[in-house]
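Participant: Count along the sequence shown starting at 1, add 98, and that's the number in the UniProt record's numbering. We treat Cβ as the ideally placed atom computed from N, Cα and C, and that holds for glycine. Treat the numbers as computed from the prediction; the structure is a model and nothing was measured.
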Amino acid sequence: VSGPTRTKDDDEETKTREKVPKSDEQMQMIDKALMRNCLSSFLDAEQRQEVAEYMHMVEAAEDEVIIRQGEFGDTFYILESGECEIFVAKKSEETTAEDSESELDPDAEEMPEPAAGQPADFGTMVYRPVPGDSFGELALMYAAPRAATIVAKTPCRLWAIEGHMYQAMVQDTVKERRSKYEGFLGQVPVLSNLTPSERSTISDALVSVEYGEGDVIIREGEVGDAFYFIERGTVEVSRTMDGEAQVLAQLEENNFFGEAALISQQPRNATVTAVTAVKCVSLDRSSFYRLLGPIQNIITRKCF
Ligand code: 1OR
Numbered sequence: 099v100s101g102p103t104r105t106k107d108d109d110e111e112t113k114t115r116e117k118v119p120k121s122d123e124q125m126q127m128i129d130k131a132l133m134r135n136c137l138s139s140f141l142d143a144e145q146r147q148e149v150a151e152y153m154h155m156v157e158a159a160e161d162e163v164i165i166r167q168g169e170f171g172d173t174f175y176i177l178e179s180g181e182c183e184i185f186v187a188k189k190s191e192e193t194t195a196e197d198s199e200s201e202l203d204p205d206a207e208e209m210p211e212p213a214a215g216q217p218a219d220f221g222t223m224v225y226r227p228v229p230g231d232s233f234g235e236l237a238l239m240y241a242a243p244r245a246a247t248i249v250a251k252t253p254c255r256l257w258a259i260e261g262h263m264y265q266a267m268v269q270d271t272v273k274e275r276r277s278k279y280e281g282f283l284g285q286v287p288v289l290s291n292l293t294p295s296e297r298s299t300i301s302d303a304l305v306s307v308e309y310g311e312g313d314v315i316i317r318e319g320e321v322g323d324a325f326y327f328i329e330r331g332t333v334e335v336s337r338t339m340d341g342e343a344q345v346l347a348q349l350e351e352n353n354f355f356g357e358a359a360l361i362s363q364q365p366r367n368a369t370v371t372a373v374t375a376v377k378c379v380s381l382d383r384s385s386f387y388r389l390l391g392p393i394q395n396i397i398t399r400k401c402f
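(1) Taking C-beta to C-beta, are Y326 and A258 nearer than 8 Å?
(2) Would you please state the rounded distance, in angstroms, between the beta carbons of T371 and V314? I believe it to be under 8 Å.
(3) Taking the beta strand (DSSP E) that S295 falls in, what are its first and last residues?
(4) From R383 to D323, what does the alpha carbon distance come to, in whole angstroms?
(5) Please determine, among R337, E342 and V333, the residue with the shortest C-alpha to C-alpha distance to F354.
(6) Please report the straight-line C-alpha distance between R255 and E342, rounded to a whole angstrom.
(7) Tell me A245's beta-bridge partners as DSSP assigns them.
(8) If you draw a straight line from the alpha carbon of M263 to that of E183, how long is it in whole angstroms?
(9) Could you tell me if M133 is buried or exposed, where buried requires 16 or more neighbouring beta carbons within 10 angstroms of its beta carbon?
(10) Looking at the strands, I want to know which residues DSSP matches up with Y225.
(11) Rounded to whole angstroms, what is the Cα-Cα separation between S380 and V305?
(12) Could you check if G106 is buried or exposed, using at least 16 other CB atoms within 10 Å of its CB as the buried criterion?
(13) Taking three-plus beta-carbon pairs below 8 Å as touching, is the segment 155-163 in contact with the segment 243-251?
(14) Compute the Euclidean distance between the alpha carbons of E351 and M223, then round it to the nearest angstrom.
(15) Give me, in chain order, the residues of the same chain whose beta-carbon lies closer than 6 Å to that of E151; leave out the 5 immediate sequence neighbours on both sides.
(16) Would you say the beta carbon of G234 is closer than 7 Å to some non-hydrogen atom of ligand 1?
(17) Taking the alpha-carbon positions, what's the Y387 to V321 distance?
(18) Less than 8 Å between the CB atoms is what I'm expecting for G331 and P243, so what's the real figure, rounded?
(19) When DSSP labels each residue in this structure, what does V163 get in the three-state scheme?
(20) Could you tell me the distance, in whole angstroms, from the CA atom of D172 to the CA atom of A218?
(21) Taking a contact to mean a Cβ-Cβ separation below 8 Å, would you say L238 touches A245 in this structure?
(22) Please name the residue or residues paired with E308 in a DSSP beta bridge.
(23) By DSSP, does M153 sit in helix, in strand, or in coil?
(24) Per DSSP, L132 is paired with what?
(25) Check whether the Cβ atoms of L346 and R337 lie closer than 8 Å to each other.
(26) Reducing DSSP to helix, strand and coil, say where R330 ends up.
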C-alpha cells in the first residue's frame, strides 16, 4: 500500500513498540544523539538508555519522504547512515501539501510520480543532516504538524521511536522523580518549610548530574549557586587548613551538600570531590527562586 504520498511516518514498522537489542556502538551513537536533541537532552544516562533500547531501525529508500511538512506525525528519528535533506516550504506551499493530503482516501488512485527529472517541490532546502543528527522532535513536543519535509537522498538507516512511547517513558519518570524527590527535599533543613506542593514543583526543577571518580563537584572559595543531593556514590568533603587539605567527612547516598548556596552567595566553605562515580540531582538558586519566589521568605516562614 505504499505510494508516493505515503511517508515513513505512516509505516506500521515505524511504530514498533518493543525493545530491540543493539551493539554497544549503536547504543553509544543513539545516546550521543539523544544528548544533543532538545527533546531528550534533559534525560539522564539511565533514561537515555531506556529510550535507546526501544528505538528501532527503519530504512528509507532513495527519494522516500520520511516526514512531510504539514502532516501529522509523532515519530522521532536519529539518522544512522545515508544522506537526507530537510526542506521548509513557505505557508502558501505548505497549504498545497495539506490539500494533496486531504485528497488522500483509501480508494484513490496512487498519486502519479513527478515526471522524470522533475523533483517534487518541497520548498527550500535548509539542512542536510549528518549521521548522528536527529529530527522530528518538534511535532512531538508541541503536538503541531510537521514543520519541515525530510527526504532520503540515498538509502537511509534511521533509528525511530514513536512519540507516545517516548512520552509514556518520560512521563513515568516525571512521576517517579516527584515521589522520589519530594521525600528527600523534606529532609533538607533549609527546605523544611516548603509545602508538599512546593516540594513537588521543586522536584521537577532538579537536574541529574553525574561525576567520575576524582571530579571536583564544588570547590572551596568559589561562589556556588547549586545544591546537590547524592543518589548514588560517595563524595569526600575537605577543607584547606594550614595550607593542607583536611578531609572533614564522607557523604553517601541520600546525603546532600551545598545547600548554603540556596540562601546566600557566600563562597563555598569546603571542597567536595567524587570518590567513586557519583550520581546527584542538583537544584540551583535561580530555578529555586523562579519557581518559589524570594527564598528568604520561604525559609523564614513560620510553620503552622
Ligand atoms: P518536526 O516534528 O516538525 C520536521 O518534523 C523536522 O525537521 C522538525 O521536527 C525538526 O526536527 C527538523 N525548521 C523546522 N524544522 C526543522 C528545521 C527548521 N530544521 C530541522 N528541522 N529550520 C532549519 C533550521 C536549520 C528552520 C527553517 C526556517
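Facilitator: Here's the rundown:
(1) no
(2) 5 Å
(3) That residue, S295, is in no beta strand (DSSP E); its alpha helix (DSSP H) goes P294 to A303.
(4) 5 Å
(5) V333
(6) 56 Å
(7) Paired residue(s): none; A245 is not in a bridge.
(8) If I take the Cα positions, the gap works out to 26 Å.
(9) exposed
(10) I184
(11) S380 and V305: Cα-Cα distance of roughly 5 Å.
(12) The residue you asked about is not Gly; residue 106 is Lys in the sequence shown. Buried, because 16 or more other Cβ atoms sit within 10 Å of the Cβ of K106.
(13) yes
(14) 50 Å
(15) K117
(16) yes
(17) One C-alpha to the other measures close to 17 Å.
(18) Rounded, the Cβ-Cβ distance is 44 Å, inconsistent with contact.
(19) The answer is strand: DSSP assigns V163 an E or B state.
(20) 23 Å
(21) Not in contact: L238 and A245 (Cβ atoms no closer than 8 Å).
(22) K377
(23) Coil, per DSSP.
(24) BP columns for L132 are empty, so no partner.
(25) yes
(26) Three-state DSSP puts R330 in a strand.
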